[in-house]
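Report on the following structure.
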Amino acid sequence: MRAQGYRETRTKAEIDRLLHYDFVIPISRGFTTKHVNENYPGWTWNQLVCTLNNAGVRVARPGSPSACHDEVVRVHFDSEQSWLVERADGSTTTGPAPAGTTSPKPPSGSATGIHDLSTGMMVEIERD
């Protein structure tokens, strides 16, 4: 397994702690943004959720915050396209881009604090 060169390496417990904020109340009250700013400098909530969705590790749970798949041990990532997931059975999955070659997609607008339940992302208002 080649996990070197990724910008972030997070354990299942760290991903679960992040996804605990994937719910309308913490998002609408700004707790989610505060947690991301303190624990994932340089990232936005939407960049992280998009990365976790693309990596297939975020499990949506209607009426509750989402969670990390049980079989995940660790996730390494650079962007929405560059990630490596380590699983408990020793297998790995990787994104389409190699480690260290991409950056997160810049936000397309300003986050509103409105939660899109289908994607886990915050609705953004387009910038002029």
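Residue numbering for the sequence shown follows the UniProt record's numbering, beginning at 1 and increasing consecutively. Glycine included, C-beta positions come from ideal geometry on N, C-alpha and C.
Cβ contact annotation for Arg58 (same chain, cutoff 6 Å, sequence separation greater than five): Leu52 and Ser66, in chain order. Per DSSP, Ala67 is one residue of the beta strand (DSSP E) stretching across Ser64 to Cys68. For Pro106, the closest alpha carbon among the candidates Ser91, Gly95, Asp78 and Glu86 is that of Asp78. Within the segment 46–99, complete beta strand (DSSP E) segments of at least 3 residues are found at 58–61, 64–68, 72–77, 83–87 and 92–94, given in chain order.
Here the C-alpha atom of Asn46 lies approximately 13 Å from the C-alpha atom of His35. Going by DSSP, Arg7 is part of no alpha helix (DSSP H) at all; its letter is neither H nor E.
DSSP, reduced to helix, strand and coil, places Thr101 outside both helices and strands of the structure shown, so it counts as coil.
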